[in-house]
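Chains as they are written, first to last, in our numbering: chain A, 11 to 376; chain B, 1223 to 1777.
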């Protein structure tokens, strides 16, 4: 990934309108071979529409879809080398597991013995050996999902499309299945596009994430890019909890990349050598993730980036304690992990807390 | 409650009221069972008995006669052939229509649907009249193209039956196609299937159980219907008209009963298959994830193939209706085309229509009341035999009208049930034959009402009678109305049963149309039909309005 080869899939300025409603407003992205890219975004943002456009089930209003060098935008789905796993799995109820998986191969007029071998291979790949003769209504949700996956992989497509494949499963099964999907995908090395509204799912298995909202790409990057350096407030809030602290850049040192930011609670010094787009006098929002804040008792020694507050509320969750701190007239969420080995604060306690110097800053107008 | 010993301080009336309250359902159930037994089971039993009971007691000679004489053998065979050919043709045609209205170009869907459903607002035998007008000896098309086509033949009967029952096939198959999850077709396309492969491997196999049910129903309707085979059959014998001829021509009730039993058997078998074995079989695969979708285009080749089948049929339907309307207002259609009002204002015709309306209102009312009560008793009663009751209530629908008609003559022509010659025999016949819709509507409505509503009312102090009249009936009112309108509508149009039961002096529209058509008075037949259609259309419109306003599921 990230080499100079032709990308497996390229979206070039894709637009889609349904009547007067513009759903996709110029989507461009380049997906290298073997990558697992996840489309993520709130309901109605167009991620499923985009997936369906790649698959050929929804027509494109304008733009190009280039699969392995060929523009496929005008091709119907049965002539594209993409395969989709539908959210409802869309398994054929009148065929058993084997026949479902082998359906595409049968259409290719492959000889039956070869179909049988390939189906056996796939059953083994998705850990469904021995269940080939079951009818669809007699297998569980997780098993149906695996059959749908096997069926799509049977024809060895260039791109695999997964439309919220885990949303019909219960929470535990979801975690198990997403690991399985990821491991199969990595083993075969197939370029995959995954659609989900669950950001944790997206972050845990993706090579890169594409965040969609209002019909445009908000940001495309690795999970850590998205989480640690979101490009705007929507993205910052969409993925995980976040606290925003307003401030103004008072000074910056070009060499060391250290900015001094004044906030209503005090001065904060941040070290963002990579943020070339910020300058003196800019108004910013500091993006503070709850788990990056450290709590101290009120009599602790002063440290850089230390602010004062009062515990408003605490919630013990086993592996962490979630504190709500009142700081001025604002509330800040703080997650403190490993509570066993830390000081436990209670409601009403005055405390001090530090913000890390590597905190991300967003220009105010984003 | 009633099990507790009621102390002597309560008056006898109070005790009776408590008793009635707690057993009201069972009392009603008993009464309804009696009604069903007398007015559905008894006539049928009479038919069976008469087929086996001659002047000298139990005998099989009548059946022997049936199986020996060629004429009867052919009558039976012809009926089966009629049923099968109508069935096969309508499965194909119905599928083509349904595919076009569910997946075809948008601008075509509504017009095609209208054409496919038009025959619903007319009695099935109007197509005989239209076809005679077009292809009869002086038929418009025969004259225009100088053809010598004989409509009184297999072609005539089959075409008429196909046109008459097209809506039935279409509606059922359309329902099946609409309940298929579109992702299945998309998934198949994703696997590389072209549209024809999708139809072959996915659409048709998934639709098969539903299509089978439609086919069986069409078969039953085609063999049971009296009008078209009677009018267009020519010298071809069919069981339903032959039953009528047995009675009116030869007064032979025994043979008429044998013919009825033979006609009844396939219908009963299919009824059982339909409601008990095939019920619930089928693939409904709709799951909800609302995604905006583009309407998909049918491949041109498939589209033209479907159009080739669907267009001539649609044109035929329109032509038939058009010709009836024209024939109602024209002196002798095709021959003397001067505009006249005579046919429309004919006194006898209007008297017949008036009588039909009167009969239909009374049958509708009676049927709706019995139907609603039956629905309640079946759903809420706790006695054994509820399923039998439901089956009896629905069976009227499955049995050929001629069979019930014959049964009614034999059952009610002497005391204690001397009803022959009165309007009551007609009312009861129609009410009980068409109970099914009212009962099913009632049952479906009651499914939607939790029994807790009734329990809450009791908790608040209402006794059963109060609950029934103030809570249950108002809620079931829409089902009541649906049953009423449907019974009214079918009573207006039905011919097969009433033709046995009418008396001179009391003309019914359906019989009037049949007789005038037989006599070649096409103008009068057409006019009466137009009036009947108008009345029926009003009924259908109000049914639709009712369904919309009260959320009643359409059957």
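Ideal placement from N, C-alpha and C gives every residue a C-beta, glycine not left out.
A quick note: this is a predicted structure, and the numbers were derived from the prediction, not measured.
**Message:** Using the Cβ count rule (16 or more neighbours within 10 Å means buried), how would you classify residue 15(A)?
**Reply:** As a first step, residue 15(A) must be located in the first chain, where it is residue number 5. Residue burial annotation: residue 15(A) is exposed, with fewer than 16 other C-beta atoms found within 10 angstroms of its C-beta.
**Message:** Going by DSSP in three states, residue 1241(B) sits in which element: helix, strand or coil?
**Reply:** To locate residue 1241(B), count along the second chain from 1; it is residue 19. Residue 1241(B) falls in the helix class under three-state DSSP.
**residue 247(A) burial status per 10 Å Cβ neighbour count (16 or more: buried)** = Stepping through the first chain from its first residue, residue 247(A) is reached at position 237. By the neighbour-count rule (16 or more Cβ atoms within 10 Å), residue 247(A) is not buried but exposed.
**Message:** Closest to residue 1552(B) by C-alpha separation, out of 1744(B), 1329(B), 1276(B), would be which residue?
**Reply:** As a first step, residue 1552(B) is located in the second chain; it is residue number 330 there, counting from the start. Selected option, being the one with the closest Cα: 1744(B).
**Prompt:** Any idea if residue 1682(B) is buried or exposed, counting beta-carbon neighbours within 10 angstroms, 16 or more meaning buried?
**Reply:** What you label residue 1682(B) is simply residue 460 of the second chain in a count that begins at 1. Residue 1682(B) is exposed by the Cβ-count criterion.
**Environment of residue 1776(B) [buried if 16+ CB atoms lie within 10 Å]** = Walking along the second chain from the start, residue 1776(B) turns up at place 554. Confidence is the limiting factor: at residue 1776(B) the pLDDT is only 44, short of 50, which leaves the residue's position unreliable and the question unanswerable from this model.
**Message:** Quick check on residue 1716(B): does DSSP put it in helix, strand or coil?
**Reply:** Translated into the one-based positions of the second chain, residue 1716(B) becomes position 494. Correct three-state label for residue 1716(B): coil.
**Request:** Kindly say whether residue 1408(B), judged by its beta-carbon, lies nearer than 8 angstroms to any beta-carbon of chain A.
**Result:** By one-based count along the second chain, residue 1408(B) stands at place 186. Yes, residue 1408(B) lies at the interface with chain A (some Cβ there is under 8 angstroms from its Cβ).
**Request:** Please classify residue 1321(B): is it buried, with 16 or more other beta-carbons within 10 angstroms of its beta-carbon, or exposed?
**Result:** Reading the second chain from its first residue, position 99 is the one you call residue 1321(B). It is buried - the Cβ of residue 1321(B) has at least 16 other Cβ atoms within 10 Å.
**Request:** Just mark residue 1487(B) as buried or exposed, buried being the case when its beta carbon has 16 or more other beta carbons within 10 Å.
**Result:** Locating residue 1487(B) in the second chain gives position 265, counting from the first residue. Label assigned to residue 1487(B): exposed.
**Request:** Count the other CB atoms, across all protein chains shown, that sit within 10 Å of the CB of residue 1451(B); report buried if there are 16 or more and exposed otherwise.
**Result:** By one-based count along the second chain, residue 1451(B) stands at place 229. Under the 10 Å beta carbon count, residue 1451(B) is surrounded by 16 or more other beta carbons and is classified as buried.
**Prompt:** When you compare only the Cα positions, how much space is there between residue 1438(B) and residue 71(A)?
**Reply:** Here residue 1438(B) is taken as the residue at index 216 of the second chain, counted from 1. Here residue 71(A) is taken as the residue at index 61 of the first chain, counted from 1. Roughly 46 angstroms between the two C-alpha positions.
**Item:** Listed by chain order, chain A residues near residue 1432(B) by CB distance under 7 angstroms
**Value:** On the second chain, residue 1432(B) is found 210 positions in, with the first residue counted as 1. Within 7 angstroms Cβ-Cβ: nothing; residue 1432(B) doesn't reach chain A, min ~12 angstroms.
**Asked** Using a C-beta to C-beta distance shorter than 9 angstroms, which residues of chain B count as neighbours of residue 10(A)?
**Response** No answer is possible for residue 10(A): the residues shown for chain A start at 11 and end at 376.
**Ranges of the alpha helix (DSSP H) found wholly within the stretch 148 to 235 of chain A, counting only runs of at least 4** = Here the runs fully enclosed are 151 to 163, 181 to 198, 209 to 215.
**Item:** Contacting positions in the stretch 1413 to 1443 of chain B - beta carbon closer than 9 angstroms to chain A
**Value:** The stretch 1413 to 1443 of chain B vs chain A, Cβ under 9 angstroms: 1413, 1414, 1415, 1416, 1417, 1419, 1420, 1423, 1424, 1427, 1428, 1430.
**Message:** Taking beta-carbon pairs under 7 angstroms, can you tell me which members of the stretch 90 to 105 of chain A lie near chain B?
**Reply:** Per Cβ criterion, the list reads 93, 94, 96, 97, 98, 100, 102, 103, 104.
**Asked** Roughly how many angstroms lie between the CA atoms of residue 1432(B) and residue 1592(B), to the nearest whole one?
**Response** Position 210 of the second chain holds residue 1432(B). Position 370 of the second chain holds residue 1592(B). CA-CA distance, residue 1432(B) to residue 1592(B), rounds to 30 angstroms.
**Prompt:** Does the beta carbon of residue 1776(B) come closer than 8 angstroms to any beta carbon on chain A?
**Reply:** The residue you call residue 1776(B) lines up with position 554 of the second chain. Annotation note: pLDDT 44 at residue 1776(B) (below 50); position unreliable, coordinate value reported separately. Answer no: the Cβ-Cβ gap between residue 1776(B) and chain A never drops below 8 angstroms.
**Asked** Just how far apart, CA to CA, sit residue 1484(B) and residue 1700(B)?
**Response** Taking the second chain and counting its residues from 1, the one referred to as residue 1484(B) is at position 262. Taking the second chain and counting its residues from 1, the one referred to as residue 1700(B) is at position 478. Near 38 angstroms, if we compare the C-alpha coordinates of residue 1700(B) and residue 1484(B).
**Request:** Please list the partners that residue 88(A) has in chain B, where partner means a Cβ-to-Cβ separation under 9 angstroms.
**Result:** Translated into the one-based positions of the first chain, residue 88(A) becomes position 78. For residue 88(A), the C-beta contacts it makes with chain B under 9 angstroms involve 1410, 1411, 1412, 1413, 1414, 1415, 1416, 1417, 1419, 1420, in order along the chain.
**Prompt:** Whole-angstrom Cβ separation of residue 159(A) and residue 191(A), contact assumed at under 8 angstroms?
**Reply:** Position 149 of the first chain, counted from the start, is the residue given in the question as residue 159(A). Position 181 of the first chain, counted from the start, is the residue given in the question as residue 191(A). Confirmed, Cβ separation roughly 7 angstroms.
**Message:** Let me check understanding here. Comparing Cα to Cα, which of 272(A), 264(A), 302(A), 275(A) lies closest to residue 287(A)?
**Reply:** Position 277 of the first chain, counted from the start, is the residue given in the question as residue 287(A). The candidate whose alpha carbon is nearest that of residue 287(A) is 264(A).
**Identity of the residue in 1363(B), 1712(B), 1613(B) nearest residue 1757(B) by Cα** = Taking the first residue of the second chain as position 1, residue 1757(B) is located at position 535. Comparing Cα positions, the closest option is 1712(B).
**Asked** What are the residues of the stretch 1359 to 1375 of chain B that lie near chain A, defined by any Cβ-Cβ distance shorter than 9 angstroms?
**Response** Listed by position along the chain: nothing, the set is empty.
**For residue 360(A), the first and last residue of its enclosing alpha helix (DSSP H)** = Against the first chain, residue 360(A) aligns to sequence position 350. Residue 360(A) -> not in any alpha helix (DSSP H); beta strand (DSSP E) instead, spanning 360 to 364.
**Under 8 angstroms (Cβ pairs) to chain A, residues found in the stretch 1386 to 1404 of chain B** = From the stretch 1386 to 1404 of chain B, only 1403 have a Cβ closer than 8 angstroms to chain A.
**Prompt:** Which of helix, strand or coil does DSSP assign to residue 322(A)?
**Reply:** Residue mapping note: residue 322(A) aligns to position 312 of the first chain, counting from 1. The answer is strand: DSSP assigns residue 322(A) an E or B state.
**Request:** Report yes or no: do three or more beta-carbon pairs, one from the stretch 1403 to 1414 of chain B and one from the stretch 97 to 111 of chain A, lie closer than 8 angstroms?
**Result:** The stretch 1403 to 1414 of chain B is in contact with the stretch 97 to 111 of chain A.
**Asked** Going by the CB atoms, is the gap between residue 50(A) and residue 221(A) shorter than 8 angstroms?
**Response** As a working mapping, residue 221(A) is identified with position 211 in the first chain. As a working mapping, residue 50(A) is identified with position 40 in the first chain. One thing to note: residue 221(A) has its Cβ within 8 angstroms of the Cβ of residue 50(A).
**Request:** State yes or no: is the beta carbon of residue 1295(B) nearer than 8 angstroms to at least one beta carbon in chain A?
**Result:** Taking the first residue of the second chain as position 1, residue 1295(B) is located at position 73. No, residue 1295(B) does not count as interfacial toward chain A.
**Prompt:** Mapping DSSP to helix, strand and coil, what is residue 354(A)?
**Reply:** Stepping through the first chain from its first residue, residue 354(A) is reached at position 344. Three-state DSSP puts residue 354(A) in coil, outside helix and strand.
**Request:** Could you tell me which chain B residues have their CB closer than 7 angstroms to the CB of residue 65(A), listed as they occur along the chain?
**Result:** Within the first chain, numbered from 1, the residue matching residue 65(A) stands at position 55. Per Cβ cutoff of 7 angstroms: 1412.
**Request:** Give the straight-line distance between the Cα atoms of residue 1661(B) and residue 1610(B), rounded to the nearest whole angstrom.
**Result:** Here residue 1661(B) corresponds to residue number 439 of the second chain, with the count starting at 1. Here residue 1610(B) corresponds to residue number 388 of the second chain, with the count starting at 1. Approximately 14 angstroms, taken between the alpha carbons.
**Contacts of residue 1505(B) in chain A (Cβ-Cβ under 8 angstroms)** = Counted from its first residue, the second chain places residue 1505(B) at position 283. Within 8 angstroms Cβ-Cβ: 103, 104.
**Prompt:** Taking Cβ positions only, does residue 12(A) come closer than 8 angstroms to chain B?
**Reply:** Working through the first chain from its first residue, we reach residue 12(A) at position 2. Unreliable placement is indicated for residue 12(A), whose pLDDT of 47 sits below 50; no coordinate value is reported for it.
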